[in-house]
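Numbering (the numbering used here), first residue to last: 681 to 1527.
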């Protein structure tokens, strides 16, 4: 009953002060909204578990150390090794494998590219996922290579593409040019094990020969391409599982090292290979590639948002202190009539909690827009992003908790301070002494202002560091021109093309595009630039003796003639590839799988590669070879040296690179095209689509974009942190300035009689201004004195997010400090100037 009365009284009280209520609610709304928006993404990326049965029982397996053979993706194992682990029933109640790959599907005359997974027959059973329609895969779908042409649709894809039509079960759909029967739909809410992205089509792993006709590797121990996830037996932990599996894993390595591909390896290579270990990692959140890429930026933004909320709380606390001062007589009367102090404190805290609740409601609404804004900075990928900006019960619970904590934080101290008045002077209306009363109130408000200035300076310095990082990266030259450059991707192998047919398709595509008006040149590459992808391979360099353990794995790329010209990468010496660079050399033993293989006769390297291995010697005419074993043939001739260019992203140093002609490659599938235009890049989008459709009307084109867009995408994380930290920093500064203005206006009001006496005694206006500004500068100086060393110390925590500058960058420190000082001084000057307009006669009568 008392609480209801307090709430009604709080509503009436706040309604009588609409300006105060609006300022307080908006201040809290910005702080709470910022935290809620960042938490919305943080919860889904860093905290949430997969929507499967007992996700805490799931673990991921990965080999650590110097592996031999090829590796596709992170934490990958070979398919034979997966089958070996599947037999460890003492550790696992079930073990699944999966391989993520794009797929081309055709249905009702429409062909499109989708995100797919090759999965083991027990995939859904081990995860504990049921069907929304039809059935899911079983072990019977995991027996014979090429013998199980069935598919399961992801629930989101089924709903979006087929309008959740249950009649799709049993229908036939072409996947990569092969007919598959749709047997079921996965349960709602389950989007696969790749965190943050949705799998649209699932296919049994036994159909891999049809899905990837250019490579099979279901029986190749030296090809690591599947991700392995296990469900632990009851009572088993990840640590116990790792200890139990390590001897078994070592026995598998000993088995592998007996294969023919190791026949010519050095003792050192064998020794390092046998030192590999198995790592058992938590699998409750699924595959966490998105988490690795966004964890640090999200934590930084969460910290920044937390500072904004603290500043907002300090600002509202200052407002409450000022408001309490104007209500001292009311509070004193209640206390004098017998109201207990705790009763009055509770009433004031209820008002604070009501303000926090209103701020939380408005903040939640603001957070939806802010979350949508944040999503625009998320890393781009081919898969559909499943991160949502819509608040759910977890976000609502977070907002409620933050609002309640904020209400107590900014409400309790002012309530305690305001319920300790000196009753006699207050009841006699003697609030304003000559020197200004309310010393405790003034000191509290000044402390809050100093806190706001300190926190605002921290945020401004952080924002400055992130802005300068983004500028350094934007101004960094990638080694080629990005202007008037268009990028796109196609993959005819997903439509059933073999290697030779792919080569013919790409050659025809280049000819068609080069003949298109407005196109200057065209180039193709198997690895896209600044896309985060990589292809590295072990090599032997003619005349170069590698040291034990030395990294002999430069980055590779398979490119077309004209690729370097199109990107604007200069050929420093030698020549570019030609159309007749399609001859290959046949080697007897493939270092990857022990089979016969072919290598190109010529290669091109970048300057970093040439200088590292050949120093001052001429690079042209030198030779390299695939593999690192003694006796490896080095018969690939270097015919050109190009300028250095970035490879994976703008942050990395230029790596050593080797380029091979794609026409001499045994493995040609998806390629990324680059078109240099003489017109606005967007004007050729339709022309590119048109020419591809003329060659194959059923071939999807994807990732069509200007290269400026690609550079922006590669810097999406940096742009997000810089933009949001700047917005939060400016918001925090605004709140701090409001707080400083409020405390100085209150101080001037409390010292009206003193100022009037000084004016009556002949004080000049400049002295009165300085009287007030001296206090302003003291507050600003105290905040800066605390903020600068704190910023220098805390900036070490964000050092990994910076580029091209130091955490204690003097220019940023000086600019942020100067800017905050000037703005704050201007906010303090207004009350100071107002003080000089006091009428001495009225001031002497002021109470």
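Virtual Cβ for every residue (Gly too), placed ideally from N, Cα, C. All values derive from a computational prediction rather than experimental measurement.
Mind pulling the alpha helix (DSSP H) runs of 4 or more residues that sit fully within the region 1322-1370?
none
According to DSSP, is residue 852 helix, strand or coil?
strand
Classify residue 971 as helix, strand or coil using the three-state DSSP reduction.
helix
Which whole-angstrom value describes the C-beta separation of residue 1239 and residue 982, a residue pair presumed to lie in contact below a C-beta threshold of 8 Å?
42 Å between Cβ atoms; not a contact.
Figure out for me which residue from 1395, 788, 742, 746 has the closest Cα to the Cα of residue 1149.
1395
Assign residue 689 to one of two classes, buried (16 or more other C-beta atoms within 10 Å of its C-beta) or exposed (fewer than that).
exposed
May I have the straight-line CA-CA distance separating residue 1114 from residue 1441, to the nearest angstrom?
Bear in mind that a pLDDT of 36 at residue 1114, under 50, signals an unreliable position, so the number given afterwards is only what the model happens to contain. Taking the straight line from one Cα to the other gives about 14 Å.
Whose C-alpha, out of 878, 823, 807, is nearest the C-alpha of residue 835?
878
Can you list, in chain order, the residues of its chain whose CB lies under 7 Å from that of residue 1183, leaving out five sequence neighbours each side?
1343, 1348
For residue 1309, three-class secondary structure by DSSP:
coil
Are the C-beta atoms of residue 959 and some chain D residue less than 9 Å apart?
Protein chain content of the structure displayed is limited to a single chain, and chain D is not contained in it.
Give every residue of the same chain whose Cβ lies closer than 8 Å to the Cβ of residue 1314, excluding the five residues on either side of it in the sequence, and list them in chain order.
1220, 1221, 1222, 1303, 1304, 1305
In the DSSP assignment, find the alpha helix (DSSP H) that holds residue 719 and state where it starts and stops.
698-722
Among 703, 1196, 737, whose alpha-carbon lies nearest the alpha-carbon of residue 1372?
1196
Taking 7 Å as the limit between beta carbons, can you name the residues of its chain near residue 921, skipping five residues before and five after?
739, 771, 912, 960
Excluding the 5 residues flanking residue 1138 on each side, which residues of the same chain have their C-beta closer than 7 Å to its C-beta?
987, 1467, 1470, 1471, 1474
From the DSSP output, in three-state form, read off residue 688 for me.
helix
Tell me the residue span of the beta strand (DSSP E) that contains residue 783.
772-787
Go through its chain and collect everything with a Cβ distance to residue 1135's Cβ below 8 Å, but skip five positions before and after it.
987, 990, 991, 994, 1412, 1416, 1467
When you compare the region 1242-1252 with the region 1157-1171, are there three or more beta-carbon pairs, one atom per stretch, that lie closer than 8 Å?
yes
Residue 1453 - DSSP class collapsed to helix/strand/coil:
helix
Ranges of the alpha helix (DSSP H) found wholly within the region 1377-1429, counting only runs of at least 4
1387-1394
Could you pull the start and end residues of the beta strand (DSSP E) that residue 1475 belongs to?
Note, residue 1475: premise wrong, no beta strand (DSSP E); not H, not E.
Any idea which residues DSSP pairs residue 959 with across the strands?
742
Taking only runs that begin and end inside the region 1132-1184, name each unbroken beta strand (DSSP E) of 3 or more residues, in chain order.
1165-1170
Close-in-space but distant-in-sequence residues of the same chain around residue 918 (CB under 6 Å, 5 per side omitted):
739, 960
What's the call for residue 923, buried or exposed, on a 16-neighbour Cβ count within 10 Å?
exposed
Counting C-beta neighbours from all protein chains within 10 Å, is the total for residue 817 16 or more, i.e. buried, or is it exposed?
buried
Taking DSSP as the reference, what is the three-state secondary structure of residue 768?
coil
For the alpha helix (DSSP H) that residue 1529 lies in, which residues bound it at each end?
A question about residue 1529 goes unanswered here, because the residues of the chain that appear run from 681 up to 1527.
For the alpha helix (DSSP H) that residue 1287 lies in, which residues bound it at each end?
1287-1294
Around the Cβ of residue 683, are there at least 16 other Cβ atoms within 10 angstroms (buried) or fewer (exposed)?
exposed
Reduced DSSP secondary structure (H/G/I, E/B, other) of residue 1031:
helix
Quick one: what's got a C-beta closer than 6 Å to residue 1611's C-beta in the same chain, skipping five residues either side?
Nothing can be reported for residue 1611: it is not among the residues displayed for the chain, which extend from 681 to 1527.
What are the partner residues of residue 1467, as DSSP defines its beta bridges?
Answer is none; residue 1467 lacks a bridge partner.
Let's see if you can read the secondary structure: which residues bound the alpha helix (DSSP H) around residue 931?
918-936
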